[in-house]
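Residue numbers (the numbering used here): 7 to 354.
Presented below is the structure to which this report refers.
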Ligand SMILES: *Cc1c(COP(=O)(O)O)cnc(C)c1O
């Protein structure tokens with residue numbers, strides 16, 4: 007049987023992924039640089055992201071839950087570590103105990119579960135200001151973690167992508183923890199934290215967003231390359247007569263006769279309605295605007311300038327993450343993790 011070719015695909019630049027990781031590894035100033043590959047590698051496909059980064063030398067991976075860990079564990083190289091950021095629930099315990107992955111224990115209750123079950127090496131999350139997961143840095147963390155074999159003591163920055171004093175305060179709180187709690191390694195910085203400077207590096211950094219082409223702070227501009235290029239096939243080319251509208255609710259009216267290409271991409275694929283009358287494609291370096299509203303499965307592009315664009319052609323969306331975030335009102339994270347299941351994911 008002939009293999010199905012979807013009318014939409016993600017072109018994924020494997021060299022850009024690896025060069026982003028190398029830049030972050032160097033910039034972070036820590037001996038080790040890991041990778042956050044939760045949410046299916048931020049939408050790219052976690053198995054292939056992990057395989058490529060392992061080949062590049064990455065030895066530490068982070069997912070959110072045990073479903074993700076179960077899927078990736080068989081693909082782990084010898085000596086590569088996988089951590090589960092949400093720790094363990096009672097219903098995870100059998101899976102966790104027989105897994106090579108480590109839980110990042112996040113509360114006294116989780117620590118008690120892990121201890122009672124006779125669990126082995128683990129990571130521990132310290133809350134230094136997020137008030138999300140982790141042991142409160144003001145508590146008696148030393149006593150709470152007594153007897154655990156801690157591989158990596160972790161904390162997470164609240165707003166490293168912004169200026170302000172909170173990152174520095176979190177760094178100071180975490181530094182105090184490193185003197186109080188024994189662990190093999192200490193880890194604080196995400197992508198934006200890496201860009202704050204090597205003071206934030208400790209022993210291990212944990213970038214996610216910037217691996218995939220997200221630009222967390224200005225000083226990463228020019229160093230982080232775009233990895234994800236959504237492409238959609240032209241289903242029809244049509245002429246729109248002056249005064250006619252395009253798409254649902256007639257939010258765009260043709261000011262003059264024009265030509266549009268109808269593309270197989272919509273909000274059900276994660277190309278959300280914020281791109282209505284604001285998105286675009288790039289053809290030979292020139293941006294052609296999206297006109298009208300984004301539908302569930304379709305969009306229209308003004309191709310009046312390009313008589314050569316025809317049904318069956320593939321067009322590449324304007325999806326450089328900082329600009330696309332500004333155009334759509336979505337975060338760079340949402341632009342990646344929302345990319346749906348209907349894309350073929352094609353690594354180049
Ligand atoms: C998601 C996550 C990361 C990666 O963060 P980015 O901002 O994507 O670089 C690092 N650490 C923890 C605990 C996370 O949840």
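Ideal Cβ placement from N, Cα and C applies to all residues, glycine included.
Item to check | For residue 312, three-class secondary structure by DSSP | outcome: Residue state, collapsed to three classes: coil.
Checklist entry - Which same chain residues, not among the five before or five after residue 186, have their C-beta less than 7 Å away from its C-beta? => result Cβ within range, chain order: 147, 148.
Next on the checklist: Count Cβ pairs between the stretch 219 to 228 and the stretch 240 to 249 that sit closer than 8 Å; are there 3 or more?
Outcome noted: Because the criterion of three Cβ pairs below 8 Å is not met, the stretch 219 to 228 and the stretch 240 to 249 do not touch.
Item to check | Residue range of the unbroken beta strand (DSSP E) whose run includes residue 286 | outcome: Taken as a continuous stretch (DSSP letters only), the beta strand (DSSP E) holding residue 286 covers 286 to 289.
Next on the checklist: Between residue 216 and residue 197, how many whole angstroms is the CB-CB distance? I'm expecting something under 8 Å.
Outcome noted: Yes, residue 216 and residue 197 are in contact; Cβ-Cβ is about 4 Å, under 8 Å.
Next on the checklist: Check whether the stretch 30 to 45 and the stretch 296 to 304 are in contact - that is, three or more C-beta pairs closer than 8 Å.
Outcome noted: Touching, no, given that fewer than three Cβ pairs across the two stretches are closer than 8 Å.
Item to check | Run of the alpha helix (DSSP H) containing residue 55, from where it starts to where it stops | outcome: Where residue 55 is concerned, the enclosing alpha helix (DSSP H) stretches over 52 to 62.
Item to check | Alpha-carbon to alpha-carbon, residue 75 and residue 278 | outcome: If I take the Cα positions, the gap works out to 29 Å.
Item to check | Residues near residue 251 by beta carbon distance below 8 Å, same chain, minus five either side | outcome: So the qualifying residues of the chain are 257, 258, 259, 260, 298.
Checklist entry - How would you call residue 26, buried or exposed, if buried means at least 16 neighbouring beta carbons within 10 angstroms? => result By the Cβ neighbour-count rule, residue 26 is buried, with 16 or more other Cβ atoms within 10 Å of its own.
Checklist entry - Do residue 294 and residue 285 have their C-beta atoms within less than 8 Å of each other? => result The answer is no: Cβ separation not under 8 Å.
Next on the checklist: Need the endpoints of the alpha helix (DSSP H) that residue 74 sits in, please.
Outcome noted: Per DSSP, the continuous alpha helix (DSSP H) segment holding residue 74 begins and ends at 72 to 78.
Checklist entry - Can you give the Cα-Cα distance for residue 219 and residue 275, rounded to whole angstroms? => result Near 19 Å, if we compare the C-alpha coordinates of residue 275 and residue 219.
Next on the checklist: Comparing C-alpha positions only, which one of 213, 263, 310, 269 sits nearest to residue 28?
Outcome noted: Selected option, being the one with the closest Cα: 213.
Checklist entry - Which residue or residues does DSSP assign as beta-bridge partners of residue 258? => result Looking at the DSSP assignment, residue 258 forms a beta bridge with 252.
Checklist entry - What runs of the alpha helix (DSSP H), each 4 residues or longer, lie entirely inside the stretch 164 to 233? => result Correct list: 172 to 186, 197 to 201.
Item to check | Residue span of the alpha helix (DSSP H) that contains residue 332, given as start and end | outcome: Secondary structure note for residue 332: its alpha helix (DSSP H) is the uninterrupted segment 327 to 334.
Checklist entry - By DSSP, does residue 133 sit in helix, in strand, or in coil? => result Residue state, collapsed to three classes: strand.
Checklist entry - Should residue 44 be counted as a contact of ligand 1 given a C-beta to heavy atom distance under 7 Å? => result Remark: the shortest separation between the CB of residue 44 and any heavy atom of ligand 1 falls under 7 Å.
Next on the checklist: Please state whether the Cβ-Cβ distance between residue 163 and residue 199 is less than 8 Å.
Outcome noted: Using a Cβ distance threshold of 8 Å, residue 163 and residue 199 count as a contacting pair.
Item to check | Cut-off 6 Å between Cβ atoms - residues of its own chain near residue 1, not counting five sequence neighbours on either side | outcome: This structure gives no information on residue 1, because the portion of the chain shown stretches from 7 to 354.
Checklist entry - Unbroken alpha helix (DSSP H) runs of length 4 or more, entirely within the stretch 87 to 152: which are they? => result Segments of the alpha helix (DSSP H) lying fully in the stretch 87 to 152: 99 to 103, 114 to 122, 147 to 150.
Next on the checklist: Can you look up residue 265 in the DSSP assignment and give me helix, strand or coil?
Outcome noted: Reduced to three states, the DSSP call for residue 265 is strand.
Item to check | Close Cβ partners of residue 140 (< 6 Å) along its chain, the five nearest in sequence each way excluded | outcome: Excluding positions up to five away in sequence, the list reads 112, 131, 132, 133.
Checklist entry - Per DSSP, which one or two residues make a beta bridge with residue 245? => result According to DSSP, residue 245 shares a beta bridge with 265.
Next on the checklist: If contacts are defined as beta-carbon pairs under 8 Å, then residue 23 and residue 354 qualify, I think. What distance do you get, rounded to the angstrom?
Outcome noted: Actually they do not touch by this definition, with Cβ atoms about 11 Å apart.
Checklist entry - Residue range of the beta strand (DSSP E) that residue 160 falls in? => result 156 to 161 is the span of the beta strand (DSSP E), which, as asked, contains residue 160.
Checklist entry - If you compare alpha carbons, which of 156, 272, 249 is closest to residue 263? => result Measuring C-alpha to C-alpha distances from residue 263 to each of 156, 272, 249 identifies 249 as the nearest.
Item to check | Residue from 234, 307, 292, 247 with nearest C-alpha to residue 342 | outcome: Nearest option by C-alpha distance: 234.
Next on the checklist: At a threshold of 7 Å, does residue 91 count as lining ligand 1 (C-beta to nearest heavy atom)?
Outcome noted: If you check the C-beta of residue 91 against ligand 1, you find a heavy atom less than 7 Å away.
Next on the checklist: Using C-beta distances below 7 Å, list every residue in its chain close to residue 333, excluding the 5 sequence neighbours before and after it, in chain order.
Outcome noted: Only 281, 284, 285 meet the Cβ criterion.
Next on the checklist: Could you give the first and the last residue of the continuous beta strand (DSSP E) run that contains residue 303?
Outcome noted: Residue 303 -> no beta strand (DSSP E), and no H or E assigned at all.
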